[in-house]
Amino acid sequence: MSVCQSTQLKTLNTFCISASADYISIAISIESLLALWQEAIEKNHSILLLGGGSNVLFTENFKGTVILNRILGINVQESDIAWHIHVGAGENWHELITYLFKQQIYGLENLALIPGNVGSAPIQNIGAYGIEFKHVCEYVDFVELKTGNSIRLTANECQFAYRDSIFKHQYKDGYAITAVGLCLNKKWEPILTYGALAQFSRENVTPKQIFDAVCEMRQSKLPDPTLMGNAGSFFKNPIVSIELACKIKSEYPDCPQYPYNEQSVKIAAGWLIDQCQLKGYSIGGAAVHTKQALVLINKGNATGQDVVALAAYVYNKVAEKFNIFLEPEVRFIGSKGEIDAVECIS
Ligand SMILES: Cc1cc2nc3c(=O)[nH]c(=O)nc-3n(C[C@H](O)[C@H](O)[C@H](O)COP(=O)(O)OP(=O)(O)OC[C@H]3O[C@@H](n4cnc5c(N)ncnc54)[C@H](O)[C@@H]3O)c2cc1C
Numbered sequence: 001m002s003v004c005q006s007t008q009l010k011t012l013n014t015f016c017i018s019a020s021a022d023y024i025s026i027a028i029s030i031e032s033l034l035a036l037w038q039e040a041i042e043k044n045h046s047i048l049l050l051g052g053g054s055n056v057l058f059t060e061n062f063k064g065t066v067i068l069n070r071i072l073g074i075n076v077q078e079s080d081i082a083w084h085i086h087v088g089a090g091e092n093w094h095e096l097i098t099y100l101f102k103q104q105i106y107g108l109e110n111l112a113l114i115p116g117n118v119g120s121a122p123i124q125n126i127g128a129y130g131i132e133f134k135h136v137c138e139y140v141d142f143v144e145l146k147t148g149n150s151i152r153l154t155a156n157e158c159q160f161a162y163r164d165s166i167f168k169h170q171y172k173d174g175y176a177i178t179a180v181g182l183c184l185n186k187k188w189e190p191i192l193t194y195g196a197l198a199q200f201s202r203e204n205v206t207p208k209q210i211f212d213a214v215c216e217m218r219q220s221k222l223p224d225p226t227l228m229g230n231a232g233s234f235f236k237n238p239i240v241s242i243e244l245a246c247k248i249k250s251e252y253p254d255c256p257q258y259p260y261n262e263q264s265v266k267i268a269a270g271w272l273i274d275q276c277q278l279k280g281y282s283i284g285g286a287a288v289h290t291k292q293a294l295v296l297i298n299k300g301n302a303t304g305q306d307v308v309a310l311a312a313y314v315y316n317k318v319a320e321k322f323n324i325f326l327e328p329e330v331r332f333i334g335s336k337g338e339i340d341a342v343e344c345i346s
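Going by UniProt numbering, 135 is the number at position 135 of the sequence shown; the sequence numbering is gapless.
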């Protein structure tokens, strides 16, 4: 465990927002995490756990202690049919995929290049190109910080849903994810359901080809946070009633829609924003990305408040035109901890 000299958060969030914390410390083990938590509680500090900072927006300076989860370790076990991989929450998600690739362990290639830490992956059930974290998860380990009790939930118990899990609800405050368990079948099956991957033939495609295709698509579509601050998709794809989806489809036949369940349909939020002619629209230092309307960017000197104002503008325009109320995927962090993102922009 260590306490950082710096109190700057700019390099610790992919939006590259200039904000500070009173203290920043690093937890490298469960013991150090618990000790840092206890110390902050005794000092009456607000506490924020942070992984790679790729799904947060600092709306102001954080008045408290930020604890960076850097619990490392990758342990691979095998059964006849599967690889069972236990991974420390502080490992980097993409580096885990490349590490496993080197050992010829496949199954995560569709999720390549998603920024952030392994421990954050279950929280919003990360997903891309036809696969979600829940498809590869065996269990999630976390601790109740007040008592130090370790808890393991099986994938089924995590209540995974679209960009959602039990870690955004029942186990949100006062808990820290410390490790995840993944299960990858030894008999590799390609997942080619996502449009652009359907060009491959199931019989011949290799994991490397999918990995490369996913990386290429992501690099061509999404701004690189090291060059242009952003937090990926700013809003979730809204899930709407079949009636509303049909009404929109009749007016806009090219509206991308995906069946969600028997009563609802998922609509591409980026398309909705684009229909409002908002690509390139900016407020202060924040702008809607010119290539991908779902991504809000920091042009260089955006404040958290610029991004909030822009998100509110986008929210209102989409609501006026489509009667759909977008919900941020990004978590808003105020001076004492997470704040309600929908309340901030509506
Ligand atoms: C360019 C770009 C592309 C992206 N593409 C995708 C995509 O395709 N699919 C997708 O699903 N997401 C995507 N994202 C979002 C992001 O990468 C994921 O949400 C990722 O899992 C966040 O990980 P993180 O470690 O950066 O989380 P952070 O931003 O550090 O934290 C996110 C939240 O989790 C909490 N938290 C962090 N660690 C812990 C812990 N150990 N225990 C308890 N709580 C914790 C934090 O307090 C915060 O509320 C993208 C982001 C960017 C910048």
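Glycine included, every Cβ here is placed at the ideal spot set by N, Cα and C.
Spell out the partners DSSP gives residue i in its beta bridges.
i, result
"R218", "Looking at the DSSP assignment, R218 forms no beta bridge with any residue, so it has no partner."
"T154", "Y139"
"L50", "L68"
"H84", "Q77 and C183"
"S282", "A287"
"D164", "A161"
"E132", "G127"
"F211", "DSSP, once it has assigned bridges, lists no residue as partnering F211."
"S264", "S241"
"Y175", "E144"
Taking its Cβ as the centre, do 16 or more other Cβ atoms sit within 10 Å of residue i, making it buried, or is it exposed?
i, result
"H135", "buried"
"D224", "exposed"
"G280", "exposed"
"D141", "buried"
"W188", "exposed"
"L57", "buried"
"L36", "buried"
"I151", "exposed"
"V318", "buried"
"H289", "buried"
"D306", "buried"
"C246", "exposed"
"Q103", "exposed"
"P253", "exposed"
"G337", "exposed"
"G90", "buried"
"H45", "buried"
"Y315", "buried"
"A198", "exposed"
"P328", "buried"
"V342", "exposed"
"T206", "exposed"
"Q124", "buried"
"G181", "buried"
"N261", "exposed"
"Y171", "buried"
"S250", "exposed"
"G300", "exposed"
"R70", "buried"
Which first and last residues belong to the alpha helix (DSSP H) in which residue i is found?
i, result
"G304", "G304 to F322"
"E189", "From DSSP, E189 is part of no alpha helix (DSSP H); its letter is neither H nor E."
"V205", "Per DSSP, V205 belongs to no alpha helix (DSSP H) and is neither H nor E."
"I114", "Segment: none, I114 is in no alpha helix (DSSP H) and carries neither H nor E."
"S32", "I30 to E42"
"I242", "I242 to E251"
"F332", "Careful: F332 lies outside any alpha helix (DSSP H), inside the beta strand (DSSP E) at R331 to I333."
"L57", "Counting along the chain, L57 falls outside any alpha helix (DSSP H), though it belongs to the beta strand (DSSP E) covering V56 to F58."
"Y99", "W93 to K102"
Quick test of your reading: residue i and residue j, contact by CB under 8 Å. State the CB separation rounded to the nearest angstrom.
i, j, result
"F235", "A179", "About 30 Å; that fails the 8 Å criterion."
"I74", "I81", "Incorrect: roughly 20 Å between the Cβ atoms, too far for contact."
"residue 349", "N110", "Any answer about residue 349 is impossible in this case: the structure gives the chain only from 1 up to 346."
"S6", "G51", "Contact doesn't hold; Cβ gap of about 18 Å is too wide."
"F62", "A21", "4 Å"
"L326", "L310", "12 Å between Cβ atoms; not a contact."
"D274", "A286", "Between A286 and D274 the Cβ distance is about 17 Å, and since that is not below 8 Å, they are no contact."
"A302", "G284", "6 Å"
"G174", "L145", "5 Å"
May I ask which residues mark the beginning and end of the beta strand (DSSP E) holding residue i?
i, result
"D340", "Premise fails: D340 is in no beta strand (DSSP E) and is neither H nor E."
"G270", "Note, G270: premise wrong, no beta strand (DSSP E); alpha helix (DSSP H) at A269 to Q275."
"Y258", "Q257 to P259"
"D254", "Note, D254: premise wrong, no beta strand (DSSP E); not H, not E."
"G229", "G229 to S233"
"D22", "A21 to A27"
"I297", "V295 to N298"
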